[in-house]
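Just below is one structure, and these are the notes that go with it.
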Amino acid sequence: MKKVNILLFFMVCLHFAIFSQEKFTLSGKITDENSHGLEGATVVVLPSGEGAIANTKGQYLLSAFVKGLYTVKVTFVGYKTLIDTISISDNYIFNAQLQPATLSLQEVVVSDHYAETRQKEMPLNVEVVNDDFLKQNRGGSLMKSLERLPGISTIDIGSGQSKPVIRGLGFNRVVVVENGIKHEGQQWGADHGLEIDQYAVEKLEIVKGPASLLYGSDAVGGVIDIKQNGIPAENTVSGVVDLNGKTNNNLLGTSISVAARKKSFFAGMRATFLDYADYKVPTESVDIYSYKAALYKNHLRNTAGNEQNLHLFFGVIQKYFQSKFFVSRIFSKSGLFANAHGLEPRNVDTGLHDKSSRDIQFPSQQVNHIKVINKSEWFWDKFSIEAELGFQRNFRQEWSQYVSHGYMPPVFPDSLNFDPELERQFEKYIYSGNLRGALQVNSKLSLSAGISSEFQDNRIGGRGFIIPAFKQYNSGSYALAKHLFSEESILQFGLRFDFGKINSKSYYDWFPSSNGDSGEATEYLKRSDDLSRTFTNLSWSLGYNYSPENWLFKINFGKSFRMPIAKELESNGVNYHRFSYEVGDSKLLPEVSYQFDAGLEYHATKLAVGATPFVNYFSNYIYLNPTDRFDRLYGAGNQIFEYTQSKVFRFGGEIHAHYQLVKSLQFGFIGEYVYSEQLSGSKKGFTLPFSPPASAIANLKYQKARWGFAKDVYISLDYRLTASQNKIVPPEKSTNGFQVVNLSAGAKFKLNSQELILTAQVQNLFNTKYFNHTSYYRLINVPEPGRNFILNISVPFTGKI
Amino acid sequence: MLVLMFFIYSCEEEGDKENPVIDIGIENAFPQNCDTLYFGEAFTFKVLFTDNVELGSYNIDIHNNFDHHSHSTEVTECSLDPVKEPENPFRFIQDFSIADGLREYETNLSINIPDGNSEGLFDEGDYHFFVNLVDKEGWTSQVGLSIKILRR
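Protein chains in written order, with the working numbering: chain A, 1 to 801; chain B, 1001 to 1152.
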C-alpha cells in the first residue's frame, strides 16, 4: 500500500510537472495624467491577444499566463497608446499612466523594459539597442552608429563601409544575424563592409562573448542580432519618412517606410537611398610609404558612394501562429582612395578625379545582397516552435585599372572571358534553415532545443586570385536548460554539436609564370587544390544570473569554436592591397576558445554602475603570420604571409556608469579595454592584428520632457578619450591616442498636426586630426574624417483602416 | 583608478616594433631615383640594410612603368617618357637571403640585364626598381625608384 502511495505521489508530481504548468496573473491600474483611474482603458497582451477593460477605479486583472516575454498595449480614446515589453515569471503588477493625445492621429508611446529584461535573463553580457539610439548616433554605416557602445569597435574603409569588432575580435569571429538568419557576405575581407540597411533596424542585440551555443561556428567573439519588425498595430497604417544630411561627405539620404495591418494580416515596405561625395579629412596630404599624396580641398580622393535598398515584408499574426516574410535587396557602390590601391601608392590623374567629388572612378567596389527570409512561430500553452528559412545571394565586384604585376602579361589578352578591369568577383548563394522548440516543463525549468543548417555555394571571378570557389555545409544542434531557483536566480546550461564540410575547387592562373632561370613565362601555376575537409565540434556553456533588488550578478563559462574558412585553408595568391603573398594551410584545425565572463551591475534611481570583465583563451587561434621571406614564383616577389595557429590569451572588459546630477542633467561614463597576447608560434609575445586601444567616453546629457514647443528635448556631449596603441604586430603601426568631442541634440516638434522628430549631431567638433588604429587606411596614414554636421528629420504618420 | 591603470598598461612598451631601414644615402649607393640602367650590361646593386634586431631577406622587382602607374616612394620627380603600350618589357623578380644574425648588411650584388629574350629585344623606357626588405619578425620597408632602362 505504501509503495502504491509513493508511486501515486510521484505520478501526481510528474503530472503536475508536465501537464499543469503554473499560471500567473497580470494586474494593475491604468491612470490618466492626473493619476485618476481611467475607466474603460483597454489592456491587450501580445502575442496571446488576451485583453481586459479597466474598471471604475482603472484596475484590471488578467490571468492564466505562462512564463515568458509579453508585449502589453494600453489604449484609451483620446490618449496615446502605450506599449511595453514585460517578462512574466510570477504574478505581475503593471501600472501605466496614459498621456492625453492632442491630435486626431493616433500616437504610440513605447516604453521599453526589454533591455533590462534581457540583461537579467542572459548569462552573457548583452547590449540592446533600438532605433532611437541609431537615430541619435547615426554614422556612415550600421556599425559606425553602434561604435559608441562599450566593447564595440569597427574596421572601416571609407565613410560608408565598416565591419563589426567585438572586444577586439572581428571578421569571421563575429556573427551577424538578421531576422533569425545568419548574414553571410564576404566578411573575411578587411575592405568589405556589412550589407545591412541601418534604417531598417528596429531592435538590435549585441552579445559580447562566445555564443557558439546558440549561433554556431564563428560566434566566438560575439553576435549582432538584428530584428527588423515593422509590424503596425491592428487595423492601422503607419510609416515614417526619414531625411538625412551630412556635411563632411555631403551625404543626402532618405528612407521611407509604410506598413499596414488589417486584423491578422500585415504588409509593408521600405526604401532607402543614400548618395555621398568624397569625405574630407583634416590634412593637406597623405603620406603613403614616404610618398606624399597631395589632397584636393581635403577630399580623400574617390571615396564617394551610394546605396539603394529595398525591403518588402508581409505576414500573418494570430494568437497561436505567426508567419513573417522579409525580402530585401541591399545595393552599395563606393570608390576606394585613388592614391593607394590597397596600400600601394598610385599615380593619379588628378584632372579626372578632382573634377567632381561625387563621381566614382577606379578603384571601386560594389555589392548586391538579396535576402528572402520566412520566420514562423507556433505557440501552445507550454510549448512553442520557431522556424526560419532563408535564401541569400551576395554578389561583390571590385574594379580597378589593369596593372600588370609579377608575371601578369603587360597587355591584357583579349582571349579571356572576363573584363580586364574586374579585379575580383565573389558570388555566394546561401540556403539556411533553423528549427527551435521551447518547452516550459514547470515554473522552474524550461528546456529548448534547436537545429540549424546552412549550405553555401561560392564562386569567384576576375583577374586576381585570393580564395578558390568552394561549397560549404554546416549543421548544428543544441539543447539548453534553464532553471529558476527563484525569479532572481537563474542557472543555464547548454550543449551543442556541430558538423561542417568544405569542398574547394582547384584554381590555375590565367597567365603563365616564369619557373626557371630562362625568364620565359611558360607555366600556368596551380594556386589551390581540390580540397575536402570535414569538421566536428562539441561546445557548451554554463551560466548563472542573480539579480536581487538593485543588483545584477552574472557569470558564464563557455567553450566556443570556429571552423577554418576557405581563405585560411586555401589562399595562395598575392594580396595587392598590402604587398603580401598569402598562403593558406589546408590542415588547420577548428579554432577553439574558452571564455569566462562576468557581469556586475548596481542601479538605483540616480546612479547606475556596471562592469563586465572577461578572460579568454584560444588553444589554436588562426593567425596570418608575416614571415621573413619573399616568394618569387607564386608570390610575385612579395612577402610571404602564412596562416598558422597559435595559443592566444586575452582579457579585458567594459565599465559603464551614469549619475543623475540634477533633475534634467545626467553624467555618464563608458570605458573599454582589451589585452591580447600570442603565447606560442613565431609571433610569441605579440598581440593580435587590429587590436583596439583602450578607450573611454565621458558624457553629459541634458533631457527635458517639454521645452517651449519642443518635446523630449535632449542635448548630449561626448568626450572621447582613446589611448595610444603600441601593441602592434607586423605590418601595423603604433597609433597615437586622441581626444574627440561629439555633440548631439534632438527634439520632437508639432507642425500643425504633424509630428517631426529632429536629431542633429556634430561629430569631431574641433576638426581634430587623429588616426583610428583599426581603420583599413591607418597603414597609409589617412586620418579620420574631419568635422561633420549631421541632421536627421523623421516624419512619422499613422492612421486607422 | 581602474581606467588610469588601463591607460598606463596600454602605453607600456615591449618587443620589436621597428621596421628595418633601406638606406640609399650611403656613398656609392646604386641605383638612385631617376638613374639609367642599360640593356646587355650588369650593374651593382648597392644599398645599406639595417635593423634593430635581425635582418631577414630582401626582394628586388624591376617592371615597366610605361603607363605611369607609379609607386615611387621618393620625393624627387623624374622626367618620364610619353605613355606607351608595352610590347616586350623587361621583368626581373628575385628574392635574396641575408646571413643569419646580422643587424647591418651592405649589398654588393651584381645584376645582369639581358638585351632580350626569345621574343626579341626588350622595350626601352621607364621602369620601376622596387626593393622590399623584411626583418626576422616580419616588419618590412619598401623603396620604389623610377629608373630608365635604355640601350647604349
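Beta carbons are placed, not taken as given, at the ideal position from N, Cα and C, and that holds for glycine.
Selection from the options that minimises the alpha carbon distance to residue i
i               : options                               : result
residue 810(A)  : 352(A), 98(A) and 123(A)              : With chain A covering only 1 through 801, there is no way to say anything about residue 810(A).
residue 141(A)  : 239(A), 72(A) and 330(A)              : 330(A)
residue 637(A)  : 776(A), 513(A) and 379(A)             : 513(A)
residue 411(A)  : 266(A), 576(A), 548(A) and 463(A)     : 463(A)
residue 761(A)  : 35(A), 84(A) and 133(A)               : 133(A)
residue 416(A)  : 407(A), 427(A), 381(A) and 461(A)     : 461(A)
residue 1029(B) : 1049(B), 1115(B) and 1087(B)          : 1049(B)
residue 442(A)  : 730(A), 383(A) and 398(A)             : 383(A)
residue 289(A)  : 1073(B), 1025(B) and 1081(B)          : 1073(B)
residue 628(A)  : 1052(B), 1139(B), 1085(B) and 1119(B) : 1139(B)
residue 345(A)  : 1127(B), 1069(B) and 1114(B)          : 1069(B)
residue 816(A)  : 435(A), 502(A), 300(A) and 511(A)     : Residue 816(A) falls outside the range modelled here, since chain A spans only 1 to 801, and no answer is possible.
residue 715(A)  : 666(A), 732(A), 528(A) and 348(A)     : 666(A)
residue 527(A)  : 467(A), 537(A) and 596(A)             : 467(A)
residue 359(A)  : 568(A), 708(A), 406(A) and 335(A)     : 335(A)
residue 212(A)  : 557(A), 697(A) and 656(A)             : 557(A)
residue 755(A)  : 240(A), 220(A) and 176(A)             : 240(A)
Beta-bridge pairing of residue i - partner residues as DSSP gives them
i              : result
residue 456(A) : 430(A) and 472(A)
residue 401(A) : In DSSP, residue 401(A) forms no bridge with anything.
residue 73(A)  : 44(A) and 83(A)
residue 182(A) : 177(A)
residue 288(A) : 291(A)
residue 388(A) : 375(A) and 434(A)
Residue-chain proximity (residue i, chain D), Cβ-Cβ < 9 Å
i               : result
residue 1091(B) : The displayed structure is made up of protein chains A and B, and chain D is not among them.
Proximity test, Cβ basis, 9 Å: residue i and chain A
i               : result
residue 1134(B) : yes
residue 1048(B) : no
residue 1017(B) : yes
residue 1045(B) : no
residue 1124(B) : no
residue 1118(B) : yes
residue 1129(B) : no
residue 1057(B) : yes
residue 1028(B) : no
residue 1095(B) : yes
residue 1032(B) : no
residue 1035(B) : no
residue 1076(B) : no
residue 1066(B) : yes
residue 1107(B) : no
residue 1007(B) : With a pLDDT of 49 at residue 1007(B), under the threshold of 50, the predicted position of this residue should be treated as unreliable, though the coordinate-derived value follows. Closer than 9 Å to some Cβ of chain A, the Cβ of residue 1007(B) qualifies, so yes.
residue 1147(B) : no
Check whether residue i and residue j have beta carbons under 9 Å apart
i               : j              : result
residue 450(A)  : residue 217(A) : no
residue 279(A)  : residue 244(A) : no
residue 375(A)  : residue 326(A) : yes
residue 25(A)   : residue 62(A)  : yes
residue 370(A)  : residue 328(A) : yes
residue 886(A)  : residue 337(A) : In the structure as shown, chain A starts at 1 and stops at 801, and residue 886(A) therefore has no counterpart that could be examined.
residue 735(A)  : residue 706(A) : no
residue 504(A)  : residue 559(A) : no
residue 680(A)  : residue 625(A) : no
residue 1032(B) : residue 632(A) : no
Cutoff 9 Å: residue i Cβ touching any chain B Cβ
i              : result
residue 296(A) : no
residue 782(A) : no
residue 361(A) : no
residue 636(A) : yes
residue 10(A)  : Reliability fails at residue 10(A), whose pLDDT of 46 lies under 50, so the model's placement of it is uncertain and the value that follows must be treated cautiously. Not closer than 9 Å to any Cβ of chain B, the Cβ of residue 10(A) fails to qualify, so no.
residue 625(A) : yes
residue 685(A) : yes
residue 789(A) : no
Whole-angstrom C-beta distance between residue j and residue i, which should lie under 8 Å
i              : j              : result
residue 643(A) : residue 600(A) : In fact, because the Cβ distance is near 38 Å, the residues do not count as touching under 8 Å.
residue 322(A) : residue 388(A) : Rounded, the Cβ-Cβ distance is 12 Å, inconsistent with contact.
residue 199(A) : residue 148(A) : About 18 Å; that fails the 8 Å criterion.
residue 785(A) : residue 764(A) : 7 Å
residue 231(A) : residue 164(A) : Not confirmed; about 26 Å, so no contact.
residue 465(A) : residue 507(A) : 6 Å
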